[in-house]
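Worksheet: one structure, shown below.
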Ligand SMILES: Cc1ncc(COP(=O)(O)O)c(C=O)c1O
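Residue numbers (our numbering): 21 to 357.
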């Protein structure tokens, strides 16, 4: 499949999947990572990222990130063990990490580098798209663009690309998932979403906030990218999306100025960056309530739902994890009266 979306990655080999967690599973297998190995993973992470590791018997070893969401490499160094095979770092909310520094660090330790770019599909650092820096990078289309599913595994390491004999899931037509997706989509529009979800026995992705089942459940995500998304991606006007998200981000940044208890993590918007949302440190519950009351039309959400092993371990819990909230960028900020 060749379309504008995949040509974002230039000549790199890209494999398509239904979800980024399935892309990560394939990438880990391709790198020869297996049961008993361990992976350095940030403790500020969404629980579903652990699903492929749990399935493979790969142990996550958690390193911390600062309030600026930069990896604490001194700590990662202390956590190294003979079984450590790779470091995974995240372009949180579409903002790039310092990949040059991370590459120097992993190369120095003989480790693989994994770029979790699930939030940063279509985001760039200057002119360069995110997703080109890890040995493998994963991207999730549905988080950045108006499609229900779809993910990419970018094989930036040419040896890995040569070793991969599969074509990912692009060759599978995914008729059944596509029909299911269409039925669900139409049902949501008709207000019958819950009924159809029960019949299809699926959880509403991203909204099943109870428990930690998703970090142990991968099977229902091992589906190909639906035809629905693949066709929709052909029509998405990416430059328009980039421009809109950046404009909305700037307007919300301005809106936050002078509001008590609210502090954007990134106070400015570097060239090329296409944010997924506006992430904020919000000091206290009253400030969250005020945000919710005043953010007309935008969603205010907490992020992330942490893995169980982090929530059960007070010393591993990021001190700020309760305070990170996001404002969606579907609408611009209301004018201040
Ligand atoms: C940082 C991060 N990586 C990976 C994923 C997995 O993406 P997907 O839902 O496409 O499997 C998520 C999902 O929420 C995420 O937040």
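By construction, the Cβ of each residue, glycine as well, lies at the ideal position given by its N, Cα and C atoms.
Alpha helix (DSSP H) segment containing residue 269, residue limits: Under the DSSP assignment, residue 269 falls in the alpha helix (DSSP H) whose first and last residues are 258–276.
Helix, strand or coil at residue 99 according to DSSP, with G and I counted as helix: Coil, per DSSP.
Near ligand 2: residue 66 beta-carbon under 7 Å from a heavy atom: Ligand 2 is absent from the structure shown, which contains only ligand 1.
Pairwise C-alpha distance: residue 212 and residue 254: Here the C-alpha atom of residue 254 lies approximately 28 Å from the C-alpha atom of residue 212.
Other residues of its chain near residue 228: CB distance less than 8 Å, five sequence neighbours each side excluded: With a pLDDT of 42 at residue 228, under the threshold of 50, the modelled position of this residue cannot be trusted; read the value that follows with caution. Closer than 8 Å at the Cβ level, and outside the excluded window around residue 228, lie 234.
Neighbourhood of residue 93 by C-beta, 6 Å cutoff - its chain only, sequence neighbours within 5 removed: Contacts found: 125.
N-terminal and C-terminal residue of the beta strand (DSSP E) that residue 116 is part of: Note, residue 116: premise wrong, no beta strand (DSSP E); not H, not E.
Touch test, the segment 110–123 against the segment 330–343, Cβ-Cβ under 8 Å, three pairs minimum: Fewer than three pairs of CB atoms, one per stretch, sit closer than 8 Å, so the segment 110–123 makes no contact with the segment 330–343.
First and last residue of the uninterrupted alpha helix (DSSP H) at residue 46: Where residue 46 is concerned, the enclosing alpha helix (DSSP H) stretches over 40–50.
Cβ neighbours of residue 32 in the same chain (closer than 7 Å, five flanking residues each side left out): Residues 152, 174, 175, 176 of the same chain have their beta carbon placed closer than 7 Å to that of residue 32, with the five preceding and five following residues left out of the count.
Residue span of the beta strand (DSSP E) that contains residue 344, given as start and end: For residue 344, the enclosing beta strand (DSSP E) starts and ends at 344–348.
Rounded C-alpha distance that separates residue 300 from residue 353: Annotation: residue 300 to residue 353 spans about 15 Å, alpha carbon to alpha carbon.
Among 324, 328, 316, 140, the one whose alpha carbon lies nearest that of residue 232: Out of 324, 328, 316, 140, 328 has the C-alpha closest to the C-alpha of residue 232.
Continuous beta strand (DSSP E) stretch holding residue 137: start and end: Here the beta strand (DSSP E) through residue 137 covers 132–137.
Backbone secondary structure at residue 246 - three-state DSSP: Reduced to three states, the DSSP call for residue 246 is coil.
Between the CA atoms of residue 215 and residue 291 - distance to the nearest angstrom: Approximately 44 Å, taken between the alpha carbons.
Start-end ranges of the beta strand (DSSP E) lying completely within the segment 280–354, minimum 3 residues: Taking only runs of at least 3 residues, the beta strand (DSSP E) segments lying wholly in the segment 280–354 are 282–284, 297–302, 320–322, 344–348.
Own chain, CB closer than 7 Å to residue 162, minus 5 neighbours either side, in chain order: Only 168, 169, 170 meet the Cβ criterion.
Cβ contact (3+ pairs, closer than 8 Å) linking the segment 69–83 and the segment 51–59: Under the Cβ criterion (8 Å, minimum of three pairs), the segment 69–83 counts as touching the segment 51–59.
Buried versus exposed, by CB contacts within 10 Å (16 or more), residue 30: It is exposed - the Cβ of residue 30 has fewer than 16 other Cβ atoms within 10 Å.
Residue from 340, 315, 115, 48 with nearest C-alpha to residue 356: Of 340, 315, 115, 48, the residue nearest in Cα terms is 315.
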